[in-house]
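Protein chains in written order, with the working numbering: chain L, 7 to 244; chain W, 47 to 386.
Here a beta-carbon is modelled for each residue, glycine too, at the ideal position from N, C-alpha and C.
The model shown is predicted, which means the values in this text are computed figures rather than measured ones.
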């Protein structure tokens with residue numbers, strides 16, 4: 007059974023149709039990527055999963071439960087952690103405090119447990135540990151992205167949704183982030199990744215979906231999409 | 047300079063630091079013994095009262111980033127509750143206190159209801175309207191509130207059989223509640239609830255995606271701020287001995303707001319300093335009282351211009367704190383800051 011299934015999802019923003027009925031599924035332990043150009047509906051797809059936008063039609067199931075009309079905080083409580091586009095860390099809070107906010111949706115919250123979760127995040131991102139009392143807003147772009155991911159991990163999610171983690175980062179940092187993503191998967195967390203950096207995303211993904219103006223135009227394994235003529239022309243600049 | 051002073055202070059042995067604070071506490075407790083002028087004590091009482099009032103407004107405006115300007119309304123509810131219960135129904139002051147706090151918190155929740163879908167200026171206008179509604183109810187519900195005549199002769203509270211009458215006595219009640227407010231709020235801000243409030247201020251959407259239930263936490267925030275304003279009002283009623291609706295005009299709301307802004311919103315110390323500055327200015331400007339509001343207006347404009355974070359808010363401030371409600375005891379150097 008799939009961890010997450012999205013069936014015939016339609017989302018409208020007033021007169022604008024953002025998603026025109028998309029279907030995809032995420033299995034446990036996978037890294038799945040949605041790629042596509044600007045305005046294809048990638049972020050909208052993620053926001054509808056975490057309950058941040060209203061759905062016109064369709065059904066979203068997580069762990070066998072219908073979450074289509076569930077409120078965002080309840081969805082988070084079920085184990086879906088959404089790391090939003092543009093990082094959106096809390097600039098006035100310190101690194102440590104940013105992580106603390108991340109425990110709010112953890113239904114199994116205990117002090118000891120959250121300290122362990124924090125330690126895991128600091129092992130994953132040693133850079134954050136060096137800056138633990140520094141304000142979130144004073145971190146570099148890459149560090150902020152690490153903080154945003156770390157904060158998302160604090161609720162011990164089953165599914166981690168990452169929206170454009172490479173946005174605005176230097177190429178070597180992007181590589182760094184993607185390496186960390188594969189390490190997070192090794193800890194047993196399923197990952198749904200949205201990227202404009204298609205080559206990077208497809209190289210770590212098990213499967214990928216290509217989103218084009220609100221519709222899924224292609225799907226397949228990461229490698230097969232990476233060599234697909236159409237994908238290469240449209241998204242990989244080859 | 048202030049940095050070295052701070053460093054020098056936190057390098058002192060703990061016993062010495064505690065001694066210094068102990069001495070400070072003794073001096074604060076003995077103030078009414080030294081200062082017998084009821085005029086000066088009156089000013090000090092006002093300062094302490096407004097520490098709680100501006101502080102509780104700051105919990106709403108400074109920590110959750112909502113912009114309420116109707117704090118005079120909450121103040122009024124607490125004040126009238128105690129006034130009515132103790133003069134009309136002969137309740138003991140100490141029993142009216144929790145009732146006033148809880149009732150105001152409930153009203154805070156009611157005000158919060160329509161504001162969940164609103165932010166920014168729209169929310170501000172709702173709170174402003176609410177404040178006026180409370181005042182107009184107080185003015186017109188003659189049977190309950192005495193209408194334009196107000197409520198006179200509110201009985202003085204008793205403590206261990208003594209009547210609390212003079213400003214020097216009220217000083218201790220105001221002081222107790224100001225200190226209680228700061229300590230409790232410090233704890234709350236450090237808890238997960240406080241972090242949730244701050245996360246809403248910093249980024250609503252990110253907070254939401256992390257599972258912060260906006261409606262619930264905003265409602266709690268309003269209720270918490272209102273609760274303390276209600277308590278402040280409850281103490282103010284017997285102190286001033288006479289309440290009428292003129293005390294709770296919008297001017298009063300802006301007065302409270304200006305203290306929070308001038309001191310520095312989003313810091314625990316800001317409203318404390320703001321209360322000192324504004325109340326003392328209030329007295330200094332008495333000879334030119336016609337121009338007093340003009341001076342405040344100018345002061346707020348200038349503050350917004352050169353120091354929008356308030357006197358304490360900026361990181362280079364002498365009393366700088368990190369705007370996150372970091373532990374009060376840590377900041378006073380009585381507790382070590384946790385590292386790693």
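Unbroken alpha helix (DSSP H) stretches of 4 residues or longer found wholly inside the segment 217-275 of chain W: 238-248, 250-255, given in chain order.
When C-beta distances to chain L are compared with 9 Å, every residue of the segment 135-160 of chain W stays at or above that value. Counting along the chain, residue 109 of chain W sits inside no alpha helix (DSSP H), nor does DSSP assign it H or E at all. Annotated three-state conformation of residue 214 of chain L is strand, per DSSP. According to the DSSP secondary-structure assignment, residue 196 of chain L is paired through a beta bridge with L:165. By the neighbour-count criterion, in which a residue is buried when 16 or more other Cβ atoms sit within 10 angstroms of its Cβ, residue 159 of chain W is exposed. Within a 10 Å sphere around the beta-carbon of residue 264 of chain W sit 16 or more other beta-carbons, which makes this residue buried.
Contact between the segment 131-144 of chain L and the segment 92-104 of chain L is present: three or more C-beta pairs spanning the two stretches fall below 8 Å.
Ranked by how close their Cα comes to the Cα of residue 129 of chain L, the residues L:190, L:111, L:106, L:174 have L:190 in first place. Among the residues facing chain W, residue 30 of chain L is not included, as its CB has no counterpart in that chain under 8 Å away. When CB distances to chain W are screened at a threshold of 7 Å, the residues of the segment 32-61 of chain L falling below it are 56, 58, in chain order. Inside the segment 106-134 of chain L, DSSP marks whole alpha helix (DSSP H) runs of 4 or more residues at positions 117-130, from first to last along the chain. Taking C-alpha positions only, residue 81 of chain W is separated from residue 308 of chain W by approximately 28 Å.
Under the three-state reduction of DSSP output, residue 68 of chain L falls in the strand class. Those residues of the segment 223-249 of chain W placed with their C-beta closer than 7 Å to a C-beta in chain L are 238, 241, 242, 244, 245, 248, 249, ordered along the chain. Shown here, residue 304 of chain W sits in a helix according to DSSP, grouped into three states. Excluding residues up to 5 positions away in sequence, 175, 179 lie with their Cβ nearer than 6 Å to the Cβ of residue 148 of chain L in the same chain. Listed as beta-bridge partners of residue 18 of chain L by DSSP are L:23.
Straight-line measurement puts the Cα of residue 318 of chain W at about 5 Å from the Cα of residue 97 of chain W. For residue 205 of chain W, the secondary structure class from DSSP, reduced to helix, strand or coil, is strand. Proximity of the segment 294-308 of chain W to the segment 251-259 of chain W falls short of the contact definition, fewer than three beta-carbon pairs being nearer than 8 Å. The beta-carbon separation of residue 72 of chain L and residue 65 of chain L, rounded to 6 Å, stays under the 8 Å limit for a contact.
Legend: CB atoms of the segment 255-282 of chain W lying less than 7 Å from CB atoms of chain L belong to residues 255, 256, 257, 258, 259. Within the same chain, Cβ atoms closer than 7 Å to the Cβ of residue 142 of chain W are found at 127, 128, 131, 132, 280, the five residues on either side in sequence being excluded. Counting every other CB atom within 10 Å of its CB across the protein chains shown gives residue 298 of chain W a total of 16 or more, marking it as buried. Here residue 273 of chain W is buried: its Cβ has 16 or more other Cβ atoms, across all protein chains shown, within 10 Å. Non-local beta-carbon contacts of residue 33 of chain L in its own chain, meaning distances under 7 Å to residues more than five positions away in sequence, involve 8, 9 in chain order.
Annotation: the continuous alpha helix (DSSP H) that includes residue 341 of chain W extends over 338-352. In this structure, the CA atom of residue 133 of chain L is about 18 Å from the CA atom of residue 188 of chain L. The straight-line gap separating the alpha-carbon atoms of residue 229 of chain W and residue 45 of chain L is approximately 49 Å. Straight through space, the alpha carbons of residue 301 of chain W and residue 316 of chain W are spaced by roughly 15 Å. In summary, residue 243 of chain W is buried, with 16 or more beta-carbon neighbours lying within 10 Å of its beta-carbon over all protein chains present. Nearest in C-alpha terms to residue 167 of chain W, of all of W:124, W:107, W:209, is W:107.
The Cβ-Cβ distance between residue 77 of chain W and residue 325 of chain W does not fall below 8 Å. When Cβ-Cβ separations below 8 Å define contact, residue 251 of chain W makes contact with chain L. In the same chain as residue 165 of chain W, and ignoring 5 residues on each side of it, no C-beta atom comes closer than 7 Å to its own.
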